Amino acid sequence: MVSLLEIVIPVEATGLFSYSWLMIAIPMLVSAILLLGGKATDSWGHWLGVLGVLGSLAVALALWITMLGLPVAERAVHVSGFDWVSVGNLNLQAGLLVDQLSILFALLVTGVGSLIFIYSVGYMAHDPNRRLFFAFLNLFIVAMLVLVLADNYLLLFLGWEGVGLASYLLIGFWQGRHSAALAAKKAFVVNRVGDLGLLTAMFTMVGLFGSVNFTDVNQAVGSASTTWLTALGLFLLLAACGKSAQVPLQSWLLDAMEGPTPVSALIHAATMVTAGVYLVVRSHSIYELTAAASLAVCIVGVVTLLAGAWIGSTKDDIKKVLAGSTMSQIGYMMLAAGIGPAGGAFAIFHLFTHGFFKANLFLGAGSVMHAMNDDTDMRHFGALRKVMPWTFVTFGISYLAIIGIPPLAGFYSKDHIVVAAWEQGWYFGLLATLGAGITAFYMTRLMMMTFFGKKRWAEGVHPHESPKILLFPLIVLSIGAIVLGVVLNNAIQYWLAPPTGGHPHSAAWWDIPWQGWVTLLVVLVGVGIGYLMYRGEISYEQPHTINPIVYIGRNDLLADQFNDVVFVRGGGAAAAAVATLDDVIVDGSVRSAGSLAKGIGGALSKLESGYARSYGLTMVIGAIAVGVVLILGRLA
Amino acid sequence: MDNSIPLLTVLGVLPLIFSLIAFAVRGRAGKHVAFVGSLVTMVFGIWIFFAAASNDFSEMVPWIKAIGAWYALSLDGMGRAMVLLSVILVPIVLIAEWTLDSKQTDGHLEPRWGSNVFGALALMVEGFGLFVFMASDVLLFYIFFEATLIPMFFLITGWGGAKRGKAAMKFLLYSLAGGLIMLFAVIGVYAVTAGAGQPSFLIDDFAAIAMSETVQKMLFVGFFIAFAVKAPMVPVHTWLPDTAEQAVPGATALLVGILDKIGTFGMIRICLGMLPGASLWATPLVVVLAVISIIYGAVLAITSTDLLRLVSYTSVSHFGFMVLGIFAFTTSSITGSIFYMLAHGFSSAALFLAVGFLQNRRGSVAIADFGGVREFAPLLAGVFLVSGLATLGLPGTANFAGEFVIMTGAWPRQTAAVAVAVFATVLAAVYVLWAYQRVFTGQPSDEVKKSITSDLDGREKLVIGPLIALLLVFGFFPQPMINVVEQTAVTTMNVVGMTDPLPGSMGGK
Amino acid sequence: MIPLITGQVVAFWIFAPLSVAGAVGMVVSRKPVHSAISLAGMMVALACLYASLDAPFLFVAQIIVYTGAIMMLFLFTMMIVGVDSTDSLIETIKGQRVAASIFGFVLAVLLILAVGNGVVTGRGGLDVANAGGNVQGLASITFGPYVFAFLLTAALLMVAAVAAIVLAHGEPLGKRETQAERARRKTMEFAEQGKDPGPLPGPGVYARHNSIEYPALLPDGSISEESVSPTLAVRGVAVVENDGLRAAYRAAVTEFIEVQDENTGSDDAPRVADELADPGAIAETYVEQISIEVAGSDSDPAKEQ
Amino acid sequence: MSPNAYLVLSAILFSIGVLGFLIRRNVLIIFMSVELMLNAANLAMVAFSYANGNLLGQVGAFFVMVVAAAEVVIGLAIIMIIFKTRRSASVDDQNQLKH
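Residue numbers (this note's numbering), protein chains in the order written: chain A, 1 to 636; chain B, 637 to 1145; chain C, 1146 to 1450; chain D, 1451 to 1549.
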């Protein structure tokens, strides 16, 4: 069945595009310098790191501007790289594809990235190996750009694992802390389970289409049987869940908060966790042909959306609340990506805006923590709006954006998704709206506990406004959160139509479909509940609760316990069983062969009793035997 | 390049000569002689590696006419790769074990001989190994196949832990048992060729000789068991962890780097090269064994509490991948497994030597004795992490290139097997990172504070630097080496008479 | 038909049972000498059987060589080895006796079956072969085709003789002790253990008889144990106690005490006479009292004689 | 009379010799049993020579005697030495070859 959308054939790179690999090369060079430089680069290392990311931002902007100038057809530009492996009928090249989707992502990564770099110069000011921190951050930028700019699944996989490695290094940056090391390991292993899906998907693609190149796959996708296509879709979904912390593989995201806050902002809010959505959107040609796989994506999206909201509303740690909200926002994006060609554009739109305001929220939380001597428990905050006005204002703007108050960015991006969800199916729409309401509730709870209400600071803590270097990124991001919604509302659909195969229909910023109004109403109800519940007295210690909902929410929906029982303990027991089996049976059989021989030897030695007469007896027996044989021989 | 001078023989004999000199020269001077010898061999080996691309160095001289045994050496793609691996590994191992005499590890006995003997034995292993890789006559192959055991045995018993004698004996018995079975097969080869007119042990023209199904199967079983013991596959693998635990990490790196490769090398060169019909017949069983080895090795690596045993179990798992690649019968999977042999040589050597550095400092390799080493030796931690990531096959390292090409090639033919084998990538992540976390992160105990005082010194950087560089170079640019190695895969596929499955013919056998 | 009874049959039926009896006697008798004798008897019976088989030379050779020489050698050995080494008939090796008898019996049956009816040609007889005389016939064969074998056996016998001499020569096992060493050894033993360096006392320095059965008497009338040969003691034939030997000694002591009474006015004589009547009394208790104060020396080992 | 009887007799004597060798522990008795066996063999040989009508059997017997003599000489010498060093005539005590 021919896919209903036209295949975009990228045109060969000319002019500036042929230098697009510079985007990756600059941060790679910087991270190499910082890593190999050693102590010498300590004093100016961090500024070099910031320069690295700014460099690639400049290249990205330049490419974006030239691309704007190009006619739509020529916007997908292929930069042919070198031949990675070509053997038999398998040939894998390493080339770059710069098209609307990937340049948008590059801008997000480098844009938000540079702001976060600037922020972390201040945030990590007194950390001894700050140089290493910036080296890893640059490594992350390199890996993320490779992921988004790759023109085939294999190079994407290289970026994919590179990002996993960078997140491992950064989560476990303070390795002295045992919990950080555990969280880092957990993140990498769970990501690796996701990567399993991508690996199997690639094998199937090579088996089915003979190549892993996006264009080849998109062209040849029609020829494959639907069963294999569904399998392919599910494999890719597994990979996406691993990386974007969707329900089956989401346990690592909340532990990832062990890392420094800029890391959480950059990796676990804005960029890396959205890689899964990018993968699903990039392979839209596969998902269009398998309704089952797309449905699976939607279901995973919705379930994660609710799970994230549930966890977000029960946690007391400000970063864990934001992590839960990230998980649920990505649920929205996954839901949109699963809905189909139209949904892809909305998913990326929400992803873009979410990148800005979620990074802003995280950095705001970072500056709050900075002021509160790195304490993250919201019950110890309260009434910070008077003490930290700038942080409060920027935080508030992003708060309004994320819950989806109209003029701001969050509303438009989420509104499209909710509308698309309603069109997809009333149950999807209902759950999406409910999710929006819960999001409003827990974000209000966070605002109330942190900035409003009475002062609940621990003794010896006297919060003060963060230094300028922390505030500047906050301000820029909050401006983004305000402006982006309206600016990109229609433009993004046209911009992303070719790579995502959607049919844009523009709508002015003020005409909002009925579903939009319903959602807004639910959001306002959520805010009201949040305000009423948390304007009164808030206890300093976390109250011990018997309410099951709150208990389950606090324990991350018992995901860790489940993993622990099934995989860690069960796997451990199985492994121990195999180990003993190996020792006892395989090795045992060899050892017993040895002792058997010794046993036989011992028995025989008893015959050598030393008594002449017993030898005599043996001789007589022998003689008789010979005699008998002779006689029998004679008789027979 | 007139091949009047028998270059391949010179390459093989060179390390043996230096080994004899090193034996003779006592004390430190002997060690220097051995090291110089290994460098000379390395230079000459690398030159041959590049020169062999353009001209044919094969030599053929009748050796024992009566039974048709030839002194025949030749170098094809796979041979060149293995020669390159061997000549690079030996100097690195010699530098790594430079302070062999002054090393005091608790539980380790006094070294039996001087460090010059260690160098000499290593060169002897290299010399015999090179001859095995170059031999194109079954009898010659067999003789050097057995010869490598002797120096290896002394390497293990000479220096190492308390039960080094027992471990060396176990290694020797396993390999000799395998070798014996192979001897029957070699004699079988003579019988078959003699039956078909002119008796000859040459590998190349053996496949053409018509022989009955059962005879071919018998020969295959004989050869395969010997190679399965050498490249440790599950039922016969228990000698490797014991040897690795007791022997000095340098010796184990040599063992896993060079000797174990003879197992998979032999499978391609002899099992597939000479007995294609039987190989096809045995494929289902072998693939199952390979998959078991992959998962089994990984699981045991997770449960092991001793770093050296952990690394040796990872080798068992990786050899499973190679065998899976070989018996998937596609050009890419065979090329992938040969490339993986090379990559695994470097990555396992890197990991073993990194554990060796830990052992030099802490005196023991039990994971429980470590904790928070990163505080005091960040560079060592970094090096261990990189080699660990190479072992678990992170993209960008040579292991990934090998593993990926194997699995992609094997997928159409052995879908189920690859589907199970791919889980090993997750298990690999678990055992590497869990070991890294228990050894390097967290709060250091006071013994660790006392013993881990110095980070990597110049010598250790000189050892691990090139290995990691090679891993990354072959990880990002594997194509040049793939071209070299593909030549063997193509010839093997012609001999076996199989063609690669066309895209779209999924799941078909 | 009545069996024709010839001399041979009679001889056989006499000597066959005799030989079997001899053999059995040899096996079961407790004392080796008895079994040797019974074996000799068996050999003589065999000799007669040889005679009944027209083998007069062997008849003679058997008696002279076999019984005469070899059996006698046995007896000589027995003499040296010790006639009394009767070994008890209990069996030490577990299950040896039972197994031996079973297999012995099986062997016998087997042999009888195999060999017993071996000869089927019937009467036979050596009249023809012995025509020129049995010994001449034997000689013609021995020195005919088998002369080399004969020479070989001659060599064998020589070697055997030499071997016997070498083997049984009995080199002294230890190194012979030189006189100087013996002297040093004796003085050391005397110093350390107080052993008397002098030779053992001869049998009857004060004794009435010079037979080795009678022990030597010491000056104080007690018996010197060393003079009694251990083997005789074991056998119980040595005379150890005889009241007569001590009478002279007792008279001398009582007379001595009477002289002492006169000098010191004490009246010990009757008491001493009674005590001396008791054979166990040790004489020196008295001698000590009368000793002249010698320059304050404490108990001198020599006194304990 | 048919020589079979003699052969049966020799078989019996031989078996008694074997029995003696196996049962008795005194080394001299054992040695004598061996002699007995030799004599039984001699008897069989003489019986055969009688049956076959030539003197070969008797020559054989004669040679057996000679060899037996040599053997006894050596055997007894050995027994003498053993007795001198071990002070025991029981063959079981000479089990130094015991594993």
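C-beta: ideal position from N, C-alpha, C; glycine also. Note that the structure is predicted; figures quoted are calculated from it, not measured.
With DSSP collapsed to three states, give me the class of residue i.
i, result
"A1428 of chain C", "With a pLDDT of 46 at A1428 of chain C, under the threshold of 50, the modelled position of this residue cannot be trusted, and the question is left open."
"M1134 of chain B", "coil"
"S86 of chain A", "strand"
"P698 of chain B", "strand"
"G1144 of chain B", "Residue placement at G1144 of chain B is poorly supported in this model, since its pLDDT is 38, which falls under 50; the coordinates still yield a value, given next. Three-state result, G1144 of chain B: coil."
"D317 of chain A", "strand"
"L1297 of chain C", "helix"
Compute the Euclidean distance between the alpha carbons of residue i and residue j, then round it to the nearest angstrom.
i, j, result
"V1165 of chain C", "N1502 of chain D", "25 Å"
"Q1405 of chain C", "R1416 of chain C", "13 Å"
"V1084 of chain B", "K319 of chain A", "34 Å"
"L1526 of chain D", "A1461 of chain D", "26 Å"
"A1511 of chain D", "L1191 of chain C", "12 Å"
"I65 of chain A", "F356 of chain A", "21 Å"
"V649 of chain B", "I684 of chain B", "14 Å"
"V263 of chain A", "S179 of chain A", "16 Å"
"R212 of chain A", "V206 of chain A", "Note that residue 212 of chain A corresponds to Val in the displayed sequence, not to Arg. In a straight line, the C-alpha of V212 of chain A is about 6 Å away from that of V206 of chain A."
"G981 of chain B", "L721 of chain B", "7 Å"
"A125 of chain A", "L199 of chain A", "40 Å"
"D317 of chain A", "R379 of chain A", "9 Å"
"G1094 of chain B", "G1101 of chain B", "10 Å"
"G622 of chain A", "L946 of chain B", "57 Å"
"A1494 of chain D", "I600 of chain A", "43 Å"
"A1440 of chain C", "E1403 of chain C", "Only weak support is given to the placement of A1440 of chain C: the predicted model assigns it a pLDDT of 43, under 50, and the question is left unresolved by the model."
"A1156 of chain C", "K1534 of chain D", "44 Å"
"E1429 of chain C", "L1377 of chain C", "Unreliable placement is indicated for E1429 of chain C, whose pLDDT of 45 sits below 50; the coordinate value is still reported in the next sentence. Their backbone Cα atoms lie some 29 Å apart in a straight line."
List the residues of chain A that residue i touches, going by C-beta distances under 8 Å, in chain order.
i, result
"A1168 of chain C", "Near A1168 of chain C there are no residues of chain A at all, since even the closest Cβ is about 17 Å away, more than 8 Å."
"V1251 of chain C", "I624"
Quick one: which chain D residues come within Cβ less than 7 Å of residue i?
i, result
"V1205 of chain C", "The premise fails here: V1205 of chain C is roughly 11 Å from chain D at the closest Cβ pair, so nothing lies under 7 Å."
Identify the contact partners of residue i in chain B, using a Cβ-Cβ distance below 7 Å as the criterion.
i, result
"F203 of chain A", "M1043, T1044, W1047, V1054"
Note down, in chain order, every chain C residue with its Cβ under 8 Å from the Cβ of residue i.
i, result
"L635 of chain A", "Neighbours of L635 of chain A on chain C: none; closest Cβ ~11 Å, over 8 Å."
Residue i versus chain A: which residues are under 9 Å apart at the beta carbon?
i, result
"V1066 of chain B", "K185, V189, R192, G571"
Measure from the alpha carbon of residue i to the alpha carbon of each residue in the options, then state which is nearest.
i, options, result
"P1290 of chain C", "D:L1506, D:I1528, D:M1515, D:V1468", "D:L1506"
"I1146 of chain B", "B:L819, B:Y1067, B:P1080, B:V1041", "This structure cannot speak to residue 1146 of chain B, because chain B is shown only from 637 to 1145."
"A599 of chain B", "B:G833, B:W1070, B:P885", "With chain B covering 637 to 1145 only, the question about residue 599 of chain B has no answer from this structure."
What in chain C is Cβ-close to residue i, meaning under 7 Å?
i, result
"G627 of chain A", "L1255, A1259"
Using a C-beta to C-beta distance shorter than 8 Å, which residues of chain F count as neighbours of residue i?
i, result
"L617 of chain A", "Protein chains A, B, C and D are contained in the structure displayed, whereas chain F is not."
Chain A partners of residue i, CB-CB under 7 Å?
i, result
"V1173 of chain C", "None at all; the shortest Cβ gap to chain A is about 16 Å."
"Q1508 of chain D", "Here the premise fails: no neighbours, minimum Cβ distance about 26 Å."
Check your understanding: Counting pairs of Cβ atoms below 8 Å between the stretch 752 to 762 of chain B and the stretch 1115 to 1124 of chain B, do you hit three or more?
Key -> Counting Cβ pairs under 8 Å, fewer than three are found: no touch.
Check your understanding: Hey, is the stretch 418 to 430 of chain A in contact with the stretch 349 to 365 of chain A, meaning 3+ C-beta pairs nearer than 8 Å?
Key -> Below 8 Å, too few C-beta pairs join the stretch 418 to 430 of chain A and the stretch 349 to 365 of chain A to call them touching: fewer than three.
Check your understanding: Is there contact here, the stretch 242 to 256 of chain A with the stretch 62 to 78 of chain A, by at least three beta-carbon pairs under 8 Å?
Key -> no
Review point. Does the stretch 48 to 56 of chain A touch the stretch 108 to 121 of chain A, meaning 3 or more C-beta pairs lie closer than 8 Å?
Key: yes
Practice item. State whether the stretch 1058 to 1071 of chain B contacts the stretch 1017 to 1033 of chain B, with contact taken as three or more CB pairs (one from each stretch) at a distance under 8 Å. Key: yes
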